[in-house]
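Colleague: Pasting a structure below so you can have a look.
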Amino acid sequence: SESPLPPPSPSLPPPFPPPMPPPFPPQLYVSPMCPVGNATDGINNFAHLEGATSVAIFTIDVRTFAIVASPGDDGVQIMDVSDPSSPVPAGSATNGVGGFTMLKRAQSVATFTIDESTFAIVGSGADNGIQLMNVSDPYSPVALGTAQDDVGNFSTLAGASGVATFKI
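In the numbering used here, the protein residues as written are 8 to 175.
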């Protein structure tokens, strides 16, 4: 006859660390369990991080940048993260400014390159569309094309809350 296993010792730690609460105010962390550096909306010239929901990383020359979708600021914040312990603001884009028209409640972002140029695509659930921008100069993003649900041949962009890119 087999004897039952003894009850677990109460002094043993749980098998996984407890979940961390979300950072308040909104901050960018390299890892939720091990912050290296952070950027906070409204501090150190970071002006477009309210409600940050999505981050994409890209490299220009030898510098590494992050672009962050900010639904609370209706735009995106680009920052130099080459030194992860000290992110530095670069450029930003805001809905209704400088030709950007599809960034209201910006929810998601992805980046891609074509030849020597770097681009970002941003999903806007409130605008039911996407905004393309050239981020080859991360200090001065340039608005490009947009696509919106039920405009032209686009019929499935309502509530655009996620974007992704792929190579052909």
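Each residue gets a CB set at the ideal place from its N, CA and C atoms; glycine is no exception.
Being a predicted model, the structure only gives us computed values, none of them experimental.
#1: So within the segment 123-159, which uninterrupted beta strand (DSSP E) runs reach at least 3 residues, ignoring any that extend past its ends?
#2: With DSSP as the reference, identify every bridge partner of residue 72, one or two as the case may be.
#3: On the three-state DSSP scale, how would you describe residue 78?
#4: Please look up how many angstroms separate the CB atoms of residue 170 and residue 129, rounded, as I've assumed it's under 8 Å.
#5: At a cut of 8 Å, does the segment 79-96 reach the segment 106-114 through at least three beta carbon pairs?
#6: Looking at the secondary structure, which residues open and close the beta strand (DSSP E) in which residue 94 lies?
#7: Can you tell me whether DSSP reads residue 170 as helix, strand or coil?
#8: Enumerate in chain order the residues of its own chain whose CB-to-CB distance from residue 65 is below 6 Å, with the five nearest sequence positions on each side excluded.
#9: For residue 69, count the other beta carbons within 10 Å of its own beta carbon; 16 or more makes it buried, fewer makes it exposed. Which is it?
#10: From the DSSP secondary-structure annotation, give me the bridge partner or partners of residue 104.
Modeller: In this structure, then:
#1: DSSP runs (the beta strand (DSSP E)) wholly in the segment 123-159: 124-131, 136-141, 149-155.
#2: Answer is 65, 87, bridged to residue 72.
#3: Residue 78: helix per DSSP, three-state reduction.
#4: Residue 129 and residue 170 do touch by the CB rule: their CB atoms are close to 7 Å apart, below 8 Å.
#5: In this structure the segment 79-96 lies against the segment 106-114, because at least three pairs of beta carbons, one per stretch, are closer than 8 Å.
#6: Segment: none, residue 94 is in no beta strand (DSSP E) and carries neither H nor E.
#7: Annotated three-state conformation of residue 170 is coil, per DSSP.
#8: In the same chain as residue 65, and ignoring 5 residues on each side of it, the C-beta atoms closer than 6 Å to its own belong to 72, 118, 125, in chain order.
#9: Exposed, because fewer than 16 other Cβ atoms sit within 10 Å of the Cβ of residue 69.
#10: BP columns for residue 104 are empty, so no partner.
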